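Student: Dumping the structure here so I can ask a few things about it.
Protein chains in written order, with the working numbering: chain H, 1 to 224; chain X, 1 to 224; chain R, 1 to 224; chain Z, 1 to 224.
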């Protein structure tokens, strides 16, 4: 199948990240698709993902603080709002159905792979600027979109998870984020941004974050 | 009239800030109350206040990034959302009625007093933590609440501005922010927070930000 | 006389900053040159400059934290070291001769113009990256170099101050900082950096910091 | 043998960190003591440690930027200076003797355990304040001191490494850093700092950084 179109920077970053296939076609993902991923691993992943989302929301809030235009600020703050007031409550509801209550969820000890990833993203944002944050956040947002698009319609016990990311709403979000990134690059670096050293450095950020996504799935599979 | 109750930290900070009366009973404020503030000064203030709001929203976004609990993050991100998706559009509408369009508003050159204030708040947040941000943000949020409560019902040509800050909705926001601050202090410093050197330092931040609010009104009056 | 050569970015920034002459040929500077600046104003300036230096050293430390190469880190950390272990002690000694002891110096209340400038620089650094810091720091470092070079040999009661900045050691530092900036631009943006929107934004940072330098001299002259 | 005295906060943090023994008595450390650690693992560790030192120096530079007193700033900037102008050149020399040149050293790809640790420390510093940085930096600085003190005199092929950290100079540095931390706590939180929630949170930071030190030794042993 074809790769979804989330803009030009994503296409370039994706092509230059050695770990992209290892991430988006990870055994954990295949287990979700076939429906044979053990429930215990999925729940371990869900718990860690909740802690991840907290830091992810912090990183988008930092993006709003570092935005250069009103449009960037609105896009970033809308994402924070959606994460904090919609996605995290949904996560809570999903976990509650599995017998994990809010207190247990919030008390989840952070796995090393989780900590490595979230702190990498936040530090990229604090040390760098809006573009550094976008490059570090993109593998998660857009990678889940690509996985969702590929797995859409697989059904099975993980069909709900798959449909969340493969659905029209999330796919539209991915296209919006892709456009936000392309616009931010032009705004700062001009039309020839893909030829600048700055872009090479951003590609490295994307590749590192992709590597950390692989570690996150590994953590989910190993249950550690 | 009595001072509105926005919590314990506010009462202490307010009492310890030498410039509090100079800020909340500034000639600019009295001009709003009596309705004899020249329109040109009000418009100059409105334009600068729009630029101020952008940085103010950035500071609240930084607060969301530096929050320590989900509750703090939700409160901060809801404030960003309200600023970016409600207060700034309202500002745009109000200015449009006065013949200042969006492009003119966004192109407003930052007055030195504006720049001094906004960068002080943001730097406090970046250098320090959530509490430093709250202490630097409080004079604006809660001072406008106190001014609004005192001027409520004054009517006159600035009645709309007065009613915004004196109204029930904004007063409720001030009580919420006051509770957020008191809760954040207990969460980090325990019940005896008001006796710690950390609190003295926060009082100094509040006092400095209050001094910068005086400078902001001065700028409004002088038109420079 | 000719303008000293502190590199290509400086030449471009300097040419694009409307306030450059107002800063480098300010009445305060002319008073230093002619020797008729009242002593009280000079001492007021010296006290504020000490507080300024503390924040200036913090900003260079932040530059070391945000450096991208070992060379940038070494240059920034050497500057911090020189400021903290040499320039600030010298300042202390100079003030001591004037009867201002260390305790009095450290207790200096920050003037608004001082606060505006230092927080602008630090916030530029926290919000942005190494280049934003360099653009915000350059007017001070290199402007003093240009002033020193022009005033060198004027003698008079302020001859010691003039010789510090006009002397070979400080002039060499200015050339080093200029080269650091040009190198940092090429490293991130390639050889065509002067044609990118990013550079326009950096020029605006330089111009704003220049405007704040004018405010600093104004503060020195007015004694407020 | 007795534990070295690096101050009160260290004693409390050390006692509350579940992983402290796992870190300071790790198989990698025992291999250094007995001299039977394979050379390849030591060299893998050395390479990664060089990359670590760069980020470690960045973190100390951030501490200088976030210092609250001149004394804190001088202590932090002196550490950066020592790291950048002494320890890193020594590392380069040691590696050169092993046939690893500067270019190879600087090109070392960051191992996940390295990345996790350094970004955790830097993010703690950016998100929090000077105390957060100290708590995150302490396990490395003071843990190496404790290991050095215990292994001192073991001799063997790793005797030079052991003597660096067990020697009088490094032990004095540890006592200075311990005093800096205790002083910073009193300065901000008063004499009763060990009873405040803030201190509990700092202890968690220390414990997390300790856990990441264990991961660093694991990485050294596994060669991955």
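Even glycine gets a Cβ: it sits at the ideal position worked out from N, Cα and C. Predicted, not measured: the structure shown is a model, and the values here were computed from it.
Looking at the C-beta of residue 62/Z, does it have a partner C-beta in chain R at a distance below 9 Å?
Tutor: At least one chain R Cβ lies under 9 Å of residue 62/Z.
Student: For residue 112/R, tell me which candidate among 128/X, 2/X, 219/X, 4/X has the shortest Cα-Cα distance.
Tutor: That would be 219/X, whose Cα lies nearest to the Cα of residue 112/R.
Student: Within the continuous alpha helix (DSSP H) that includes residue 232/Z, where are the two ends?
Tutor: As displayed, chain Z neither begins before 1 nor continues past 224, which places residue 232/Z out of reach and without an answer.
Student: By Cβ distance below 7 Å, which residues in the same chain neighbour residue 206/R in space, the five residues on each side in sequence not counted?
Tutor: Cβ neighbours of residue 206/R beyond the five flanking positions: 13, 17, 135, 138, 139.
Student: Do you know offhand how far residue 122/H's Cα is from residue 82/X's?
Tutor: In a straight line, the C-alpha of residue 122/H is about 24 Å away from that of residue 82/X.
Student: Give me the subset of the stretch 42 to 58 of chain R whose CB atoms are less than 8 Å from a CB atom of chain Z, sorted by chain position.
Tutor: Within the stretch 42 to 58 of chain R, the qualifying residues are 54, 57, 58.
Student: In whole angstroms, what separates the C-alpha of residue 43/Z from that of residue 200/H?
Tutor: If I take the Cα positions, the gap works out to 29 Å.
Student: Do the stretch 20 to 39 of chain Z and the stretch 26 to 41 of chain R touch if we need at least three Cβ pairs shorter than 8 Å?
Tutor: Verdict: no, contact absent.
Student: Taking the alpha-carbon positions, what's the residue 8/Z to residue 191/Z distance?
Tutor: Straight-line Cα distance between these residues: approximately 12 Å.
Student: What is the DSSP secondary structure of residue 160/R, counted as helix, strand or coil?
Tutor: If DSSP states are grouped into helix, strand and coil, residue 160/R belongs with the helices.
Student: Residue 161/Z and residue 26/Z - do their beta-carbons sit closer together than 9 Å?
Tutor: No, the Cβ-Cβ distance between residue 26/Z and residue 161/Z is not below 9 Å.
Student: With distances taken between CB atoms, is the gap from residue 22/Z to residue 214/Z smaller than 9 Å?
Tutor: Yes; because the gap between Cβ atoms is below 9 Å, this pair is in contact.
Student: Kindly say whether residue 120/Z, judged by its beta-carbon, lies nearer than 9 Å to any beta-carbon of chain X.
Tutor: Residue 120/Z does not count as touching chain X.
Student: I'd like the list of long-range same chain contacts for residue 152/Z, defined as Cβ closer than 6 Å, with 5 residues on each side in sequence excluded.
Tutor: So the list reads 166, once near-sequence residues are dropped.
Student: Is the separation between the beta-carbon of residue 76/X and that of residue 93/X shorter than 9 Å?
Tutor: Contact flag unset, no.
Student: Could you tell me the alpha carbon to alpha carbon distance between residue 5/Z and residue 175/H, rounded to whole angstroms?
Tutor: Going by the C-alpha atoms only, they are around 57 Å apart.
Student: According to the neighbour-count rule (16 or more other Cβ atoms, all chains shown, within 10 Å of its Cβ), is residue 99/X buried or exposed?
Tutor: Result: exposed.
Student: Using a Cβ-Cβ distance cut-off of 9 Å, determine whether residue 90/Z contacts chain R.
Tutor: For residue 90/Z, the answer is no, since every Cβ of chain R falls outside 9 Å of its Cβ.
Student: Using only CA atoms, which one of 124/R, 97/R, 20/R lies nearest to residue 58/R?
Tutor: When each option's Cα is compared against that of residue 58/R, the closest is 124/R.
Student: With 9 Å set as the bound, which would you pick, yes or no: does the beta-carbon of residue 131/X sit closer than that to a beta-carbon of chain H?
Tutor: So no, residue 131/X is outside the interface.
Student: Please go through the same chain and pick out, in chain order, the residues whose beta-carbon is closer than 7 Å to the beta-carbon of residue 211/Z, but skip the five residues on each side of it.
Tutor: Correct list, in chain order: 19.
Student: Is it buried or exposed, residue 195/R, if we count other Cβ atoms within 10 angstroms and call 16 or more buried?
Tutor: So residue 195/R counts as exposed.
Student: Residue 169/Z by DSSP, collapsed to three states: which one?
Tutor: In the structure shown, residue 169/Z sits in a helix (DSSP, three-state: H, G or I).
Student: Our contact map puts residue 115/R next to residue 50/X with C-beta atoms below 8 Å; I'd like the distance itself, whole angstroms only.
Tutor: Actually they are not in contact, since the Cβ atoms of residue 115/R and residue 50/X sit about 23 Å apart, beyond 8 Å.
Student: State buried or exposed for residue 180/Z, treating a residue as buried only when at least 16 other CB atoms are found within 10 Å of its CB.
Tutor: By the 10 Å Cβ count, residue 180/Z comes out buried.
Student: Quick one: is residue 155/H buried, meaning 16 or more other Cβ sit within 10 Å of its Cβ, or exposed?
Tutor: By the 10 Å Cβ count, residue 155/H comes out exposed.
Student: Less than 6 Å between C-beta atoms, sequence neighbours within five positions excluded: which residues of the same chain meet that for residue 209/Z?
Tutor: Closer than 6 Å at the Cβ level, and outside the excluded window around residue 209/Z, lie 136, 139.
Student: For a contact defined as C-beta to C-beta under 7 Å, what are the partners of residue 190/Z on chain X?
Tutor: Neighbours of residue 190/Z on chain X, chain order: 196, 197.
Student: On the DSSP letters alone, give me the boundaries of the alpha helix (DSSP H) that residue 74/R sits inside.
Tutor: Run containing residue 74/R: 70 to 82, per the alpha helix (DSSP H) assignment.
Student: Which residue spans inside the stretch 119 to 157 of chain H form an unbroken alpha helix (DSSP H) run of at least 4?
Tutor: Whole alpha helix (DSSP H) segments, 4+ residues: 130 to 151.
Student: Using 9 Å as the limit for Cβ to Cβ distance, is residue 187/R near chain H?
Tutor: Chain H contact via Cβ: present.
Student: Looking at C-alpha atoms only, which residue of 30/X, 107/X, 46/X, 61/X is the closest neighbour of residue 126/X?
Tutor: With distances taken between Cα atoms, residue 126/X lies closest to 61/X.
Student: Keeping to the same chain, check which residues put their C-beta closer than 7 Å to that of residue 133/Z; ignore five residues upstream and five downstream.
Tutor: Closer than 7 Å at Cβ, skipping near neighbours: 59, 62, 63, 66, 124, 125.
Student: Does residue 212/R get closer than 9 Å to chain Z when you measure Cβ to Cβ?
Tutor: Chain Z contact via Cβ: absent.
Student: Can you pull the chain X residues whose beta carbon is under 7 Å from the beta carbon of residue 112/R, in chain order?
Tutor: 116, 215, listed in chain order.
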